[in-house]
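First residue of the sequence shown: 911, per the working numbering; consecutive thereafter. Every residue, glycine too, gets a C-beta built ideally from N, C-alpha and C. In what follows, a structure is listed as structure tokens, so that the remarks can point back to it.
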Amino acid sequence: MKDKLAQIIARHDELEARLADPAIISDPERLKDIAREHRKAHVIVPKANQFLSLLEQLDEHKIIIDGDDDELKELAMEELPKMEQELADLGNELKVLLIPRDPNDDKNTIVEIRAGTGGEEAALFAADLFRMYSRYAERNNWSRNIIASNGTGIGGFKEIIFSMKGTAVYGVMKFESGVHRVQRVPKTETGGRLHTSAATVAVLPEAEDAEINIKEIDLKIDTFRASGAGGQHVNKTESAVRITHIPTGLVVTCQDEKSQHKNRTAALKVLKSRLLAQEKERLAKERADVRKSMVSTGDRSAKIRTYNFPQGRITDHRINFTSYQLENVMDGDLNEIIEQLKIADQQVALQAD
911 MKDKLAQIIA RHDELEARLA DPAIISDPER LKDIAREHRK AHVIVPKANQ FLSLLEQLDE
971 HKIIIDGDDD ELKELAMEEL PKMEQELADL GNELKVLLIP RDPNDDKNTI VEIRAGTGGE
1031 EAALFAADLF RMYSRYAERN NWSRNIIASN GTGIGGFKEI IFSMKGTAVY GVMKFESGVH
1091 RVQRVPKTET GGRLHTSAAT VAVLPEAEDA EINIKEIDLK IDTFRASGAG GQHVNKTESA
1151 VRITHIPTGL VVTCQDEKSQ HKNRTAALKV LKSRLLAQEK ERLAKERADV RKSMVSTGDR
1211 SAKIRTYNFP QGRITDHRIN FTSYQLENVM DGDLNEIIEQ LKIADQQVAL QAD
């Protein structure tokens, strides 16, 4: 670990110098890449310096203990256990910080929520999940923008797609992919019976243009009149856009914007992100050494969480974590559960290392 930390510190100093280079400052793309790498190293460097300094002090204390000065030897022996414990704790922290990060963690994200089994109640639950993530975005000072939606008459969503932009959004939100199950008495139920419904959540890292190259010849683009709310505009303008990616068969429809151009741009953004996610899954399957974690596989068919309203209970099945703060969670207070998921993910990574 000592050599690795020394390399990180040297690289951090090199990046710091490059950030002051006028040639780098005048090139926004290079500046962004270097600043991103510098931020990652900057988190590790203070603890790395502290670890190396402690290591040096520990060696000095051991030399004193092997020496002839009884008074200094006694002091060194008293301090040694505390220093060794401090070094061990710091080493454990650094092991976590040195876990290779998913390169997509720093990206913005596109979230797709779809009603599953449960009819109208599932659509209402999809709307509740959308509100939960919207509130979570507000708490984290992220921006949230609806890309496409398909609503129901009583306030639910058959499908809603939206973007979230901010600091390392995907690295946090990726744990939300999967099937979310709800147990409650629906608003639509007159007999007071408990129903179980579900909605699926797919969290995609937002693709950058340089990552996914889509050829125009591979796209089939259809336009049509938007449906739903929108007044006279809906009836007069063919602003809605449906894009089909011929090689993969992926279809994206956007109609929430008032202009065809904006809907086309939004649809392409979603398509690129879906293609990036597909490529990511393909590479993960090909690599035999990729760690398999139930926490962050993003398997959309896996039931990851149950929201039990009568008991005020929320359970994440991947890590057997249960909380009775359901009301707070539905209001966007996801910090506790996401922190537990991060810890579990780190433990899996450390075991596989």
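Does residue i pass the burial test, meaning 16 or more other C-beta atoms within 10 Å, or should it be called exposed?
{"i": "residue 1261", "result": "exposed"}
{"i": "residue 1055", "result": "exposed"}
{"i": "residue 1134", "result": "exposed"}
{"i": "residue 1028", "result": "buried"}
{"i": "residue 1153", "result": "buried"}
{"i": "residue 1215", "result": "buried"}
{"i": "residue 929", "result": "exposed"}
{"i": "residue 1228", "result": "buried"}
{"i": "residue 1230", "result": "exposed"}
{"i": "residue 1053", "result": "exposed"}
{"i": "residue 973", "result": "exposed"}
{"i": "residue 1234", "result": "exposed"}
{"i": "residue 1087", "result": "buried"}
{"i": "residue 986", "result": "buried"}
{"i": "residue 1096", "result": "buried"}
{"i": "residue 1244", "result": "buried"}
{"i": "residue 1225", "result": "buried"}
{"i": "residue 935", "result": "exposed"}
{"i": "residue 981", "result": "exposed"}
{"i": "residue 1130", "result": "exposed"}
{"i": "residue 1167", "result": "buried"}
{"i": "residue 1182", "result": "buried"}
{"i": "residue 1033", "result": "buried"}
{"i": "residue 1247", "result": "buried"}
Find the nearest neighbour of residue i within the set the options, judged by alpha-carbon distance.
{"i": "residue 1132", "options": "1171, 1238, 1214, 1228", "result": "1171"}
{"i": "residue 1079", "options": "1047, 1176, 1002", "result": "1047"}
{"i": "residue 1222", "options": "924, 950, 1239, 1181", "result": "1239"}
{"i": "residue 911", "options": "1001, 1182, 1060", "result": "1001"}
{"i": "residue 1237", "options": "1042, 1168, 974, 1088", "result": "1042"}
{"i": "residue 1082", "options": "995, 945, 1013", "result": "1013"}
{"i": "residue 917", "options": "1244, 951, 936", "result": "951"}
{"i": "residue 942", "options": "1136, 926, 960", "result": "926"}
{"i": "residue 995", "options": "1015, 961, 982, 1037", "result": "961"}
{"i": "residue 1150", "options": "1157, 1174, 1156, 1158", "result": "1174"}
{"i": "residue 1220", "options": "1187, 1105, 1114", "result": "1105"}
{"i": "residue 1039", "options": "981, 1255, 1257, 1065", "result": "1065"}
{"i": "residue 1259", "options": "1006, 1192, 1187", "result": "1006"}
{"i": "residue 1188", "options": "1168, 1213, 1158, 965", "result": "1158"}
{"i": "residue 1077", "options": "1051, 1084, 1085", "result": "1051"}
{"i": "residue 954", "options": "1251, 992, 923", "result": "923"}
{"i": "residue 1044", "options": "1255, 975, 1257, 1242", "result": "1242"}
Helix, strand or coil: which one does DSSP assign to residue i?
{"i": "residue 1227", "result": "coil"}
{"i": "residue 1087", "result": "coil"}
{"i": "residue 1140", "result": "With a pLDDT of 44 at residue 1140, under the threshold of 50, the modelled position of this residue cannot be trusted; read the value that follows with caution. Correct three-state label for residue 1140: coil."}
{"i": "residue 946", "result": "helix"}
{"i": "residue 865", "result": "Any question about residue 865 goes unanswered here, given that the chain covers just 911 to 1263."}
{"i": "residue 1069", "result": "strand"}
{"i": "residue 1009", "result": "coil"}
{"i": "residue 1025", "result": "strand"}
{"i": "residue 987", "result": "helix"}
{"i": "residue 1132", "result": "strand"}
{"i": "residue 1001", "result": "helix"}
{"i": "residue 1081", "result": "helix"}
{"i": "residue 1198", "result": "Per-residue confidence for residue 1198 stands at a pLDDT of 43, beneath the threshold of 50, marking its modelled position as unreliable; the derived number appears in the next sentence. Coil at residue 1198, not helix or strand."}
{"i": "residue 1179", "result": "helix"}
{"i": "residue 1097", "result": "coil"}
{"i": "residue 1218", "result": "strand"}
{"i": "residue 1145", "result": "Bear in mind that a pLDDT of 43 at residue 1145, under 50, signals an unreliable position, so the model cannot answer this."}
{"i": "residue 1032", "result": "helix"}
{"i": "residue 1122", "result": "coil"}
{"i": "residue 1109", "result": "strand"}
{"i": "residue 959", "result": "helix"}
{"i": "residue 935", "result": "helix"}
{"i": "residue 1152", "result": "strand"}
Are the CB atoms of residue i and residue j nearer to each other than 8 Å?
{"i": "residue 1017", "j": "residue 1116", "result": "yes"}
{"i": "residue 1164", "j": "residue 1058", "result": "yes"}
{"i": "residue 1009", "j": "residue 958", "result": "no"}
{"i": "residue 1091", "j": "residue 1108", "result": "yes"}
{"i": "residue 1185", "j": "residue 1127", "result": "no"}
{"i": "residue 997", "j": "residue 968", "result": "yes"}
{"i": "residue 1030", "j": "residue 1062", "result": "yes"}
{"i": "residue 1112", "j": "residue 1067", "result": "no"}
Of all Cβ atoms in chain B, is any one closer than 8 Å to the Cβ of residue i?
{"i": "residue 1158", "result": "No chain B is present in this structure, which holds just one protein chain."}
With three or more beta-carbon pairs closer than 8 Å as the criterion, would you say the stretch 1016-1034 touches the stretch 1072-1090?
yes
Would you be able to state if there are at least three C-beta pairs under 8 Å between the stretch 1148-1162 and the stretch 1174-1183?
Enough Cβ pairs lie closer than 8 Å, so yes.
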